[in-house]
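Okay, so here's the structure we're looking at.
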Amino acid sequence: MSSAESTANKDTLSLDTVTFGGNPNEDVTLFLQRVKRIAIVEGRQRDEEWMVDYAESCLIGPALRWYHELEDSNLRSWKALRGAFLLRFDPPVDVPAAAKASPSCCQASPIPAKVWASTAPLPDSVPATSTNIHIRKILVIGDCGVGKSCIIERFLGHGWARCMMPTEGVDYQSWTGSFAGTIYKYHIWDTSGADDDGALLMRRPYYKEITRFWITYDVTDRRSFQSVRKWNQSIQLHKSATSQPKPQLFANKCDLSDKRVISEAEGRQIANELRLTYREMSAKTDFGISELRGKWVSSFAVVSGS
Numbered sequence: 036m037s038s039a040e041s042t043a044n045k046d047t048l049s050l051d052t053v054t055f056g057g058n059p060n061e062d063v064t065l066f067l068q069r070v071k072r073i074a075i076v077e078g079r080q081r082d083e084e085w086m087v088d089y090a091e092s093c094l095i096g097p098a099l100r101w102y103h104e105l106e107d108s109n110l111r112s113w114k115a116l117r118g119a120f121l122l123r124f125d126p127p128v129d130v131p132a133a134a135k136a137s138p139s140c141c142q143a144s145p146i147p148a149k150v151w152a153s154t155a156p157l158p159d160s161v162p163a164t165s166t167n168i169h170i171r172k173i174l175v176i177g178d179c180g181v182g183k184s185c186i187i188e189r190f191l192g193h194g195w196a197r198c199m200m201p202t203e204g205v206d207y208q209s210w211t212g213s214f215a216g217t218i219y220k221y222h223i224w225d226t227s228g229a230d231d232d233g234a235l236l237m238r239r240p241y242y243k244e245i246t247r248f249w250i251t252y253d254v255t256d257r258r259s260f261q262s263v264r265k266w267n268q269s270i271q272l273h274k275s276a277t278s279q280p281k282p283q284l285f286a287n288k289c290d291l292s293d294k295r296v297i298s299e300a301e302g303r304q305i306a307n308e309l310r311l312t313y314r315e316m317s318a319k320t321d322f323g324i325s326e327l328r329g330k331w332v333s334s335f336a337v338v339s340g341s
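Numbering of the sequence shown is given in my numbering, commencing with residue 36 and proceeding in unit increments.
Okay, here's the thing in structure tokens:
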């Protein structure tokens with residue numbers, strides 16, 4: 036396929052409003068416009084087969100998150116959304132029959148809390164069902180194996196997960212609390228620590244509009260500690276120009292005192308240098324995390340955590 040033909044196929048993405056469960060939603064049109072803009076990724080031409088993979092892994096994930104955040108959406112399954120996007124290619128992309136079912140028939144299964152990763156930008160703003168709902172976003176970053184996912188599980192009160200699979204792409208969890216009649220919903224994005232080009236491209240959009248960054252390293256692994264500067268630099272490079280995030284530095288696995296190679300003094304020194312809030316913790320024993328969680332709970336009457 037020539038570059039011209041490839042570009043032409045990308046340009047045939049429809050911008051019509053998609054109807055889910057018989058209820059039209061104008062926001063979908065805006066989302067499809069974003070889809071069209073990112074269809075030509077960084078100016079590189081791609082064929083139809085690549086576009087199918089791209090649509091499945093990169094375009095559907097953001098829409099799922101978007102509707103998951105709305106909570107009152109009629110969308111209960113990703114099959115309809117998958118079919119709606121892929122069938123908008125000209126010529127139509129061949130997709131499994133199950134994905135071609137009408138939206139009104141695809142509302143049985145709930146949207147999973149952990150959704151597909153994406154290179155597509157997050158929505159500029161998350162529509163809220165009430166003016167008394169405020170959305171805050173936390174991005175957890177750091178090298179592979181430092182315990183980012185375990186910290187999140189502990190923070191959400193899910194206990195110690197002895198054997199967790201390495202995060203691939205980006206996972207999502209949420210924590211909701213209320214204060215003085217206002218609901219605050221915190222979206223926590225758990226990222227892969229891989230530093231290959233694909234992983235870097237995948238993480239980049241998540242830096243936008245983040246309220247807090249949790250930079251994490253393993254006190255028994257000097258290499259992960261040396262990466263702290265790299266992760267902090269990535270925040271400065273990719274964060275929104277208008278945002279003023281509050282990065283925090285988490286020194287994890289402090290329970291392994293006999294294997295520790297990074298002292299608390301070293302950790303605090305780099306935190307002061309980079310103007311980060313420093314906290315020692317252990318996802319295994321809950322040390323440091325229970326205190327952090329306690330500060331949040333004392334500020335908000337907890338509604339739910341998922």
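The beta-carbon is built from N, C-alpha and C at its ideal position, and this holds for glycine as well.
- Classified as buried, HIS222 has 16 or more neighbouring CB atoms from the shown chains inside 10 Å of its CB.
- About 13 Å separates the CB atoms of ASP321 and LYS288; that is not less than 8 Å, and the two are not in contact.
- Judged by DSSP in its simplified three-state form, VAL175 adopts strand.
- Where LYS265 is concerned, the enclosing alpha helix (DSSP H) starts and stops at 263-273.
- As the crow flies, the alpha-carbon of TRP266 is around 11 Å from that of HIS273.
- With 16 or more other Cβ atoms from the protein chains shown falling within 10 Å of its own Cβ, TRP210 counts as buried.
- Pairing HIS169 with THR246, the inter-Cα distance amounts to about 12 Å.
- Between the beta-carbon of VAL175 and that of TRP224 there is about 7 Å, and that keeps the pair under the 8 Å contact cut.
- The C-beta distance from SER259 to VAL181 rounds to 5 Å, short enough to meet the 8 Å contact threshold.
- In the DSSP assignment, GLU315 forms a beta bridge with ALA286.
- Contact between ILE186 and PHE285 holds: CB atoms are separated by about 7 Å, below the 8 Å threshold.
- With contacts defined by Cβ atoms closer than 8 Å, GLY194 and ILE250 do not form a contacting pair.
- Sixteen is the threshold: when 16 or more other Cβ atoms of the shown chains lie within 10 Å of the Cβ of ALA306, as they do, the residue is buried.
- Among the bridge pairs identified by DSSP, TYR252 is matched with ALA286.
- Bridge partners of TYR242 according to DSSP: none are assigned.
- By the Cβ-count criterion, GLN279 is exposed, with fewer than 16 other Cβ atoms from all chains shown falling within 10 Å of its own Cβ.
- Residue range 183-190 is occupied by the alpha helix (DSSP H) that includes PHE190.
- In the DSSP secondary-structure assignment, ARG247 is bridged to ILE173, LYS281.
- Between PRO282 and ILE270 the beta-carbon gap is near 6 Å, inside 8 Å, which marks them as a contact.
- Inter-residue distance for TYR219 and MET316 is about 25 Å (C-alpha atoms, whole angstroms).
- The C-beta distance from LEU327 to ARG310 rounds to 19 Å, too long to fall under 8 Å, and the pair is not in contact.
- Here the C-alpha atom of ALA300 lies approximately 25 Å from the C-alpha atom of GLY329.
- Sixteen is the threshold: since fewer than 16 other Cβ atoms of the shown chains lie within 10 Å of the Cβ of THR312, the residue is exposed.
- The beta carbon of ARG171 sits closer than 8 Å to the beta carbons of TYR219, LYS220, TYR221, HIS222, THR246, ARG247 from its chain, once the five residues preceding and following it are set aside; these are given in chain order.
- Straight across, the Cα-Cα distance linking SER275 with ILE324 is about 28 Å.
- Look at SER298 here: in three-state DSSP terms it is coil, with no helix or strand label.
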